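First up is the structure itself, then whatever we jot down about it.
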Amino acid sequence: MRLTRRLRFPRALIPLAFLPCLSAPVLSEDIVSLKDGSSQAGMVVDLGGNRVELVLKGGAKTILKRDISKVTLDEKRERKSIETSDAIVKRDGHIVRGKVEVLEGGQKVQVSLPGGGRAVFNMKDVRRVVRSGDSVELDATVYTLELGKAVEAALDRLVRSDDPAGEAEKLLGRCGILAIARVREARKAATRGSPGELALARIERLHRLKEVVSTDMEEAESRIYDVLDHGSTQEKLDLLALVFPRFVDASARLAELLATDSVEDPKVKAWSIDFLRRMRRNRELLRIYARGSGQSQLAAAIALAQNRIQIGVPSMIEALELEALDIRDLASRSLRESTGQDFQFRPDGAPQARKEAVERWRAWWQENEEALTRAAERLVQGADPAEAAGGDALDPERVLAVKLWEEAGAEVGAGRFKEAEGLLREAVDRDPTFLQAHIGLAVVLYSQLGRPADAAALLKEIATKRFPGVKRQDRQWIFLHRGHALRLAGDLAGAEAAYEECRSIAPQNHQALIGLGDLAFHGASSAEGVEPAQRKAKLKLAVDAYRAALRVLDGLTGELVTLRGDAVPTGGSLPFDRREYNRSVLDLRKSYRTEKHDVSLKVSKALSLAGEKKEAMVVLKGLVDDLAFDGSGASRKLEAGARCYMGLLYEDLGQPVFALREYRKVLKDLDASHAECLRGVDRVRRQTQSGGDRSSN
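Taking this note's numbering, the leading residue of the sequence shown gets 1103, the next gets one more, and so forth.
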């Protein structure tokens, strides 16, 4: 909304956002007071996002809104100005000065720079072209006397709840930092809960969002403020699913704000808290716990407890007395897992029994409160490396172990596996309770150094221990990797037992399901002297396990839309430094899709071996269609294998023409040197020739 109601300018006047950046002298000044105690003078331009531009004589500088404590505006500035040179204003707010020429029928614009160079821009990327001598008017991105009057009028309408179309609220939102001080003053004076006060609260919330959103987020997702301000719950979750994994460190501020926002949807708040827990951002969680109430405070208490900080135990004890059975159950499980205590509280037990158990919990807390609170404070006050380790500021050995563990991850990424082994062994020696270092060492041993027996022995040893702060759910990875190591070592019975143990902890662990399917398929296809009935039973087990894994993978892919915490696999083949969190949603989708393709091929082979060749063919056709659509290098290799197997099935079904078609498709489009397909073509030709000779005789 441009402020042209009170003043009428000639038609030649050009409304121009960001124009102060183009004017040569700065005749009046705003004062920007920064949070570090310093201040700077110039002309403030609100760029509409998380930054302002401060125009100075001879240039301009950008300042983040989060660094500004106060802006004192020049309330005498007039609204019009005369431009002194040509320039373009890009859509991102960047100004390029110089002689401007429009090219290619208006599709491009060229700027001859003062230094002698030239720059060409697509017109779609240019907000305005300004000519020297143009008379321009400043809009709502720069404070002027007229804008101040419009702000006061808009505030008056909101206080009187006279804004049915929301125009006053929109104007104040666009004015941003130029109006926020007056918005806050008006909100303090407004009747709490009135429509006007709620509108002012929304404007203030939008400004807080702009203070916490990073520049990278803003540039990557142009609609971030629009969605977070008034998008649906699903739209917000979809946005966060894209933003948080890409900008992990910068997302902590935003997650904290969303978690403490009284008007935010509970699902968004819960997801934000869980994100902070997984990132070990304990200071943010403590602030949420201190400022929150109800479910948000309980969620923060549980998150802190899972990070070994027991300061929220009182909230969990209070939750034991709530009416909702599921909340009582959650609080009870969280208390048991985080404290190691069990005072026989049963969420569905008799009221009197529950009451007595709650009293035992309260007595325990009263006895231990001082020590646990003091420990929590020391834990959170530790250095940043300690926070990365889960907040173990009390134990310098854990801090060093985490540093070694992270260095080992870098060595693995560089392919230096012996060096990684040495670092991981040193990490284990420094802190024998650091589970991730133990598992990382085992993974390197069996997957990269050819020592699966050593890895299996190490994992067997740690499976008998109870590590502080490690929940039962986290132990699934011990047994999963032990199963992998035992398979490579040739102990198939031991591998099966390990996979089953993993599934007893986490029934939806798709890697354990695939492992069980592989073992069953191996038993059916490689063992000699297996009875037909036993072979068929093993193949059925393999197919069932593979299909169960496919269902889990489908579920994981679907959950990536909202990126629920429990959907992110934390125990991948190389579990270093929460790397799954640092991968984009698209990368995760691709990873799951590749796994699904691999498993689908295994399903078809198991079905074929079981005599279900037509059903195997159906699975294969669906697989090759997906792979052809994907088109990546890995997909092309798998497609070649799938089509080759289709050729073999066609031969078994007595359809050599179709078999030859698949072999040739591979050799022509996918892999000209595919040995099995070359043999297949030769075999089909000889069979066809032999058949033709016999028919002619």
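Glycine included, C-beta positions come from ideal geometry on N, C-alpha and C.
Here the structure is a predicted model, which is why all the values come from computation and not from measurement.
- In this structure, DSSP gives residue 1716 a helical state, which the three-state scheme calls helix.
- In the structure shown, the three-state DSSP call for residue 1224 is strand.
- DSSP lists 1155 as the beta-bridge partner residues of residue 1164.
- For residue 1267, the three-state secondary structure derived from DSSP is coil.
- By the criterion of at least three beta-carbon pairs nearer than 8 Å, the segment 1305–1319 is in contact with the segment 1352–1365.
- Check the Cα spacing between residue 1424 and each of 1438, 1396 and 1444: the tightest is with 1396.
- Judged by their CB atoms, residue 1500 and residue 1533 are nearer to each other than the 8 Å cut-off.
- Around the C-beta of residue 1204, fewer than 16 other C-beta atoms lie within 10 Å, and the residue is accordingly described as exposed.
- If you look at residue 1143, you'll find it in the beta strand (DSSP E) that goes 1141–1148.
- Cβ-Cβ distances below 6 Å link residue 1168 to 1313 in the same chain, with the five nearest sequence neighbours on each side left out; the list follows chain order.
- The segment 1513–1545 is shown to contain whole alpha helix (DSSP H) runs of 4 or more residues at 1519–1532, in chain order.
- A straight line joining the alpha-carbon of residue 1212 with that of residue 1323 spans about 28 Å.
- In its chain, beyond the 5 residues on either side, 1201, 1202, 1233 and 1234 have a beta carbon closer than 6 Å to the beta carbon of residue 1188.
- Note on the segment 1607–1631: whole alpha helix (DSSP H) runs with a minimum of 4 residues are 1612–1627, in chain order.
- Per the DSSP secondary-structure output, residue 1550 pairs with nothing in a beta bridge.
- For residue 1441, the enclosing alpha helix (DSSP H) begins and ends at 1427–1441.
- About 5 Å separates the beta carbon of residue 1655 from that of residue 1694, a gap short enough to meet the 8 Å contact definition.
- By the Cβ-count criterion, residue 1386 is buried, with 16 or more other Cβ atoms from all chains shown falling within 10 Å of its own Cβ.
- Short of 7 Å from the beta carbon of residue 1315, and not among the five residues preceding or following it, lie these beta carbons of its own chain, in chain order: 1152, 1326 and 1356.
- Bounds of any beta strand (DSSP E) do not take in residue 1413, whose DSSP letter is neither H nor E.
- Looking at the DSSP output, residue 1723 bridges to nothing.
- For residue 1400, the CB contacts under 6 Å within the same chain, skipping 5 residues up- and downstream, are 1417 and 1421 in chain order.
- As far as DSSP is concerned, residue 1246 takes part in no beta bridge.
- Distance from the CA of residue 1215 to the CA of residue 1156, rounded to the nearest whole angstrom, comes to 22 Å.
- Note on residue 1710: 16 or more other CB atoms within 10 angstroms of its CB, so buried under the neighbour-count rule.
- Annotation for residue 1280: 1148 and 1245 place their beta carbon closer than 6 Å to its own, counting only its chain and skipping 5 residues before and after.
- The three-state reading of DSSP puts residue 1231 in strand, counting E and B together.
- If the five residues before and after residue 1650 are omitted, its C-beta is found closer than 7 Å to the C-beta atoms of 1615, all from its own chain and listed in chain order.
- Counting only runs of at least 4 residues, the segment 1277–1315 fully encloses the following alpha helix (DSSP H) elements, listed from N- to C-terminal order: 1282–1291 and 1297–1314.
- With respect to the 8 Å criterion, residue 1275 and residue 1305 are classified as neighbours on the basis of their beta carbons.
- In the DSSP annotation of this structure, the continuous segment of the beta strand (DSSP E) that includes residue 1203 starts and ends at 1201–1205.
- Here residue 1375 is not bridged, per DSSP, to any residue.
- The criterion of a C-beta distance shorter than 8 Å is satisfied by residue 1173 and residue 1132.
- Bounds of the beta strand (DSSP E) holding residue 1189 are 1189–1192.
- Minimum Cα-Cα distance from residue 1546 among the listed residues 1566, 1514, 1530 and 1574 corresponds to 1514.
- The residue among 1367, 1318 and 1364 with its C-alpha nearest the C-alpha of residue 1344 is 1318.
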